Amino acid sequence: IFTDLTFLPILEKIASQIGRVEKIIVLTDGKHMPATALTNAIAYEEWIAGVDEDYRWAKIDENQACGLCYTSGTTGNPKGVLYSHRSNVIHGLAANTADCFGLRSTDSVLPVVPMFH
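Quick note on numbering: this note's numbering labels position 33 of the sequence shown as 71, and the sequence is numbered without any gaps.
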């Protein structure tokens, strides 16, 4: 689980229900990492510092499932929508193309995929 500091108290309350979670990555550095009852929580900066620099990416099919997002039911009942790795890459590329969303070469963008509406 990747989480913001804001959600640590909630995760602490449901810790007994998420016992299979290997790590809880808190999006902060060690200096700002609060004390927590979550024994598997680690600050993001500490976590990436321990990663092997010779990491070998897994070979996956671009059409393999990547994420499941839930819609609010804009056009009907709320439902899960399965996104592929290919879909997420294309959404990210589209968001960063010239003139998309009125962006210019001087703007910085953090693409959040899949696109939301």
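Cβ coordinates follow ideal geometry from the N, Cα and C atoms, glycine included.
The structure presented is a predicted model; accordingly, all values stated were derived computationally and were not measured.
Item, Value
"With 16 other Cβ atoms within 10 Å as the buried cut-off, status of Ile-62", "buried"
"Pair within 8 Å by beta-carbon distance, Asp-67 and Ala-81", "yes"
"Assigned exposure category for Leu-148 - 16 Cβ within 10 Å defines buried", "exposed"
"Counterpart residues of Val-64 in DSSP-defined beta bridges", "Thr-41, Ala-81"
"Alpha-carbon spacing of Asn-78 relative to Glu-50, whole angstroms", "11 Å"
"Whole-Å CB distance - Pro-116 paired with Ser-125, under 8 Å assumed", "No, Pro-116 and Ser-125 are not in contact; Cβ-Cβ is about 20 Å, not under 8 Å."
"Cβ-Cβ distance between Leu-65 and Asp-42 below 8 Å", "yes"
"Buried/exposed call for Leu-106, threshold 16 Cβ in 10 Å", "exposed"
"Separation of Ile-39 from Glu-157, as counted between CA atoms", "As shown, the chain starts at 39 and ends at 155. That puts residue 157 outside it, with no answer to give."
"For Val-89 and Ala-75, the rounded distance between their alpha carbons", "24 Å"
"Complete runs of the alpha helix (DSSP H) confined to the region 97 to 150 [at least 4 residues]", "123 to 133"
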